[in-house]
Amino acid sequence: MTDCTNRRTPGGLRGGFTGNWVSGGDGRALRRRLMAVLRMAHRVLGLSRKGLGLGTLGIGGGLRSAGAISGLAALAVLTFSAQAQAQNAQWGGSATGGNAVAIGTGTQANGATSVALGANNSATGNASIAIGDSMSANGLNAIAIGVISGASGTNALAIGGNAQAVGEGASSIGVNSVARAGSAAFGLNARADGLESTAIGYVTRATGLRATALGHGATASGLDSFAQGNNAIASSQNAIAIGFQATATAINSVNLGNRTVAGGGALQESAIAIGTDVRASEVDATAIGRQSQATGTSATAMGRNASAWGNQSIALGLGAVAGVQANTALPNSIAVGTNAVSSGAASTAMGTAANATAAASTAVGNTAIASGQNASSFGSGANASGDNSFAAGVSANASGIASTALGIGAASSATNAIAVGVSASASGLNSIYLGSRTFGAGASAQSAIGIGTDVSASAANAVAVGLQCPSSDDLRLISGLRKGGSGSSGFKAMRLAGGAASVLSGWSGA
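Using our numbering, the letters of the sequence shown correspond one by one to residues 108 to 617.
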């Protein structure tokens, strides 16, 4: 029976593939072995009976094992006879390791079961593989594929032009990529220089121990740092930067969000910056919200454009401001609400556009204002402008030092004055007005007292009590009242509200 596979041609050559290229290829057992090798190579290269496909080395394909890639080298077996399997060298190659394969000019396969294919390649580690041009695979199970690439550590992997995997377990995939021991670099010009670090993306840098950099130009240089995003930077221990140009430059700092202006990010120890163009620039500062800023130590700013300037200051709400810009010496201020402002040390402003501008001042309510030291205002539009003053109620106004205004529209404008009631008015020094007022002067003189509705006490030490009782009428004037002892003067005159006049003289009280 004629073997058509290995038939002779008139020129003396065998007609079959194995007959021409493989010594002893006319044997049935060897032909079966060759077909098995070809099938292995096809799986690696992505060839199939249906045509070209994506195999182990295709885009997106995983490198399942060194054995899978070594299927490429299996083609070399086609050129050797069954009697020459210990060291196989062809076309200028040198194979000195047991069961080593070297094919190509200047190739060297010195490790046991090593494979060198191409030109000027070196596979010196046991079970190492070097494929391409000027490649070097020097570690146990090391694999180098590409041009001028090197895998020099145990289980090191380098794939791509000038890819370098240096150290045990290093993986470098991509043109000009570099990976150190235990690290992985994937992408053009990616570098994982830190031990056990990871760099993925174009021009990424992971230089810190166990650092991770993901994204175009991302840099993670701190110990255990993490940078993800275009040009994100995490430059200190445990720093985390996620987002476009996000920056975390201090130990334990966190910056989540995009940065489009200079100077943003988490810049001090344990600082947290979350949002676009945020800035947390002092130790333990927290800034959350677009363009928010926390520039004082332990300061907190939450909300768009919120700013916490002073140490330990808190700003919560759209445009809220706690402290004075560039002045951390005014600490512990609190601003809560849209556009609330607390600019005094230890001041508190709560409510839309509430404003506490002096030290230890408190303003609570929409547009409430406390501008005096230790002053307090409560209610929409309330205003406490005198030092140590107190205003409570809608539009209440305490402008005198240590004055008190309680009630809607109440006003105390003199030192120690007290006005209580709707539109109550106490404008004299030490004056008191208790009751509602729709007209009249109220308690407008020094030490004057007005009690009732629409009463007026306009003379010094005057007291007006009742309904619409004016102190300017001597029939309703109480003056020079003293209690105790004989010869004390009494009332000149007093008219009770709605009643007849009663004249008291020479009265002495116990």
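Backbone N, C-alpha and C fix where the C-beta goes; we use that ideal spot for every residue, glycine too.
Note that this is a predicted model, so its numbers are computed, not measured.
Can you give the Cα-Cα distance for residue i and residue j, rounded to whole angstroms?
i, j, result
"residue 242", "residue 398", "51 Å"
"residue 301", "residue 255", "22 Å"
"residue 574", "residue 562", "6 Å"
"residue 378", "residue 274", "35 Å"
"residue 583", "residue 572", "Because the pLDDT of residue 583 is 43, which lies under 50, any placement of that residue in the model is unreliable, and the number read from its coordinates should be weighed accordingly. About 9 Å."
"residue 548", "residue 535", "10 Å"
"residue 199", "residue 214", "7 Å"
"residue 182", "residue 268", "Low per-residue confidence applies at residue 182: pLDDT is 44, beneath 50, and the placement is therefore not dependable, though the value from the model is reported in the following sentence. Rounded to the nearest angstrom, the two C-alpha atoms are 23 Å apart."
"residue 329", "residue 408", "26 Å"
"residue 204", "residue 246", "14 Å"
"residue 373", "residue 426", "20 Å"
"residue 481", "residue 340", "45 Å"
"residue 224", "residue 390", "57 Å"
"residue 413", "residue 505", "29 Å"
"residue 539", "residue 502", "19 Å"
"residue 217", "residue 288", "23 Å"
"residue 556", "residue 570", "5 Å"
"residue 382", "residue 564", "59 Å"
"residue 512", "residue 472", "15 Å"
"residue 315", "residue 338", "16 Å"
"residue 324", "residue 367", "15 Å"
"residue 460", "residue 352", "33 Å"
"residue 210", "residue 320", "39 Å"
"residue 476", "residue 486", "9 Å"
"residue 384", "residue 496", "40 Å"
"residue 60", "residue 202", "For the chain, the structure presents residues 108 to 617; residue 60 sits outside this window and is missing."
"residue 239", "residue 279", "16 Å"
"residue 554", "residue 443", "39 Å"
"residue 252", "residue 424", "57 Å"
Would you give the residue range spanned by the beta strand (DSSP E) that residue i belongs to?
i, result
"residue 483", "483-485"
"residue 265", "264-266"
"residue 278", "278-280"
"residue 456", "455-457"
"residue 293", "291-293"
"residue 253", "250-254"
"residue 558", "556-558"
"residue 362", "361-363"
"residue 409", "407-409"
"residue 351", "Run containing residue 351: none; DSSP gives neither H nor E here."
"residue 321", "319-321"
"residue 210", "207-210"
"residue 335", "333-335"
"residue 465", "First-last for residue 465: undefined, no H or E at that position."
"residue 469", "469-471"
"residue 497", "497-499"
"residue 441", "441-443"
"residue 297", "Looking at the DSSP string, residue 297 is not in any beta strand (DSSP E), and its letter there is neither H nor E."
"residue 571", "570-572"
"residue 358", "Residue 358 -> no beta strand (DSSP E), and no H or E assigned at all."
"residue 305", "305-307"
Looking only at its chain, what residues have a beta carbon closer than 7 Å to the beta carbon of residue i, apart from the 5 residues adjacent to it on each side?
i, result
"residue 545", "530, 561"
"residue 514", "500, 503, 527, 528, 529, 531"
Give me, in chain order, the residues of the same chain whose beta-carbon lies closer than 6 Å to that of residue i; leave out the 5 immediate sequence neighbours on both sides.
i, result
"residue 440", "417, 420, 429, 430, 449, 454"
"residue 478", "464, 465, 492"
"residue 318", "301, 304, 327, 332"
"residue 406", "392, 415, 420"
"residue 543", "528, 529, 560"
"residue 295", "281, 282, 309"
"residue 220", "206, 234"
"residue 262", "248, 276"
"residue 297", "281, 284, 306, 311"
"residue 523", "509, 537"
"residue 520", "506, 507, 534"
"residue 187", "With a pLDDT of 42 at residue 187, under the threshold of 50, the modelled position of this residue cannot be trusted, and the question is left open."
"residue 365", "350, 351, 383"
So, for residue i: in the same chain, excluding its five sequence neighbours on each side, which residues have a beta-carbon less than 8 Å away from its beta-carbon?
i, result
"residue 358", "329, 343, 344, 345, 346, 376, 377"
"residue 396", "381, 382, 385, 408, 409, 410, 411, 412, 413"
"residue 212", "198, 199, 200, 226, 227"
Taking residue i and residue j to be in contact with their CB atoms under 8 Å, please state how far apart those CB atoms are, rounded to whole angstroms.
i, j, result
"residue 447", "residue 457", "6 Å"
"residue 470", "residue 462", "6 Å"
"residue 489", "residue 507", "No, residue 489 and residue 507 are not in contact; Cβ-Cβ is about 15 Å, not under 8 Å."
"residue 350", "residue 363", "6 Å"
"residue 260", "residue 244", "Contact flag wrong, Cβ pair sits at about 10 Å."
"residue 401", "residue 387", "5 Å"
"residue 195", "residue 208", "5 Å"
Can you confirm whether residue i, when its beta carbon is compared against all beta carbons of chain B, has any partner nearer than 8 Å?
i, result
"residue 302", "Looking at the structure shown, chain B is missing, and only one protein chain is on hand."
Whole runs of the beta strand (DSSP E) within the region 506-542, excluding any shorter than 3 residues: 511-513, 525-527, 539-541
Length at least 3, wholly inside the region 213-238: the beta strand (DSSP E) runs in chain order: 222-226
Length-filtered (3 minimum) beta strand (DSSP E) runs lying within the region 376-428: 379-381, 393-395, 407-409, 421-423
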